[in-house]
Amino acid sequence: MIGVFDSGFGGLTIHRALIDAMPEHDFVYLGDNKNSPYGTREPLDVLNLTCAGMERLIAEGCTLVVVACNTAAAVAMRWIQQQWLPALYLKDGVPRNALSIVVPTIEAATGLDWYEKRRLHDGVTTGGVVAVFATERTVATKTYPFEIRKRRPDIQVVQQACPALAGAIEAGASQDKLRAMIGEYAAALMQQLNGRAPESVVLGCTHYPLVADLFAEVLPAGIPIISQPDTTAAALVTYLERHPEYQVGRNGQRKFLSTGYVPDALHLIEKFWGEPLSFEKA
Ligand code: DGL
50 MIGVFDSGFG GLTIHRALID AMPEHDFVYL GDNKNSPYGT REPLDVLNLT
100 CAGMERLIAE GCTLVVVACN TAAAVAMRWI QQQWLPALYL KDGVPRNALS
150 IVVPTIEAAT GLDWYEKRRL HDGVTTGGVV AVFATERTVA TKTYPFEIRK
200 RRPDIQVVQQ ACPALAGAIE AGASQDKLRA MIGEYAAALM QQLNGRAPES
250 VVLGCTHYPL VADLFAEVLP AGIPIISQPD TTAAALVTYL ERHPEYQVGR
300 NGQRKFLSTG YVPDALHLIE KFWGEPLSFE KA
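Taking my numbering, the leading residue of the sequence shown gets 50, the next gets one more, and so forth.
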């Protein structure tokens, strides 16, 4: 089983791309709706909740977990990979790993392979700017600027928190309202850059693929927007080719779990998944 973890239903934007790219694999999705949103939570809270999500997915038989939530990944990935998973391995000797949405995003933004620093594509030119839109917590961790500049010190990274955007998307705000809101965030970003256009844009939140066209409308024309669902799916395909040791299953099994009360959220699930979908209580 491959687990996919998110703070709620937004991660279905990523999950859909993973299933489309790897329909034969077994997947279980867990949304922590009871505790969502994570974007305004304290780091320790996000860390504990993400570890609890990992535990739940491992109990489902997952040997590989994709942390699709940017906020959870930005806060908790380092701890999970360096401390939490090794401690679990010492206990039961089962090889497991967690992958995050951050790594393929950084690879796309820098044009460099995460581990080998091999050139994947030309990416942003020397002295160029990458703009990151994300939740308040993701921005506060500085994960994206830190990881991008570690690999490409020649790139300037400018972040813009969008505190109300994920909530407005979930609340079903009109296109006009969302456009106005995104226009304000984009204007705040352009002000940080004194009007200079970024060369590439990261929409660093599971919800933003739904409004990628509005970002494209309000930003200066022609700036490439990195698609997290696509980059994450492509990264998982290559990861599985390189790591046959993870027994992830190839029976096309699906399970959708939520820690929250689902009946009230059916419209939301449909919004992020594109069609109705049944969830079980986690
Ligand atoms: N899933 C979160 C992310 O990608 C957005 C929603 C939340 O704040 O929990 O950052």
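Quick reminder that beta carbons are idealized off the backbone N, C-alpha and C, glycines included.
Query	Result
Residue 104 beta carbon less than 7 Å from that of residue 50	no
Span of the alpha helix (DSSP H), counted from its first residue to its last, around residue 320	315-322
Three-state secondary structure (DSSP) of residue 328	coil
Own chain residues within Cβ distance below 7 Å of residue 238, not counting five before or after	180, 207 and 209
Anticipated Cβ contact below 8 Å, residue 280 with residue 153, distance rounded	4 Å
Local conformation of residue 213 per DSSP, three classes	coil
Proximity of residue 263 and residue 214 at Cβ, strictly below 7 Å	no
First and last residue of the uninterrupted beta strand (DSSP E) at residue 147	146-149
Residue 264 in three-state terms, based on DSSP	helix
8 Å CB neighbourhood of residue 166 in its chain, flanking five on each side removed	200
Distance CB(residue 95)-CB(residue 121) smaller than 7 Å	yes
Cutoff 7 Å; reference residue 296; Cβ partners in own chain excluding five residues on either side	112
Residue 119 burial status per 10 Å Cβ neighbour count (16 or more: buried)	buried
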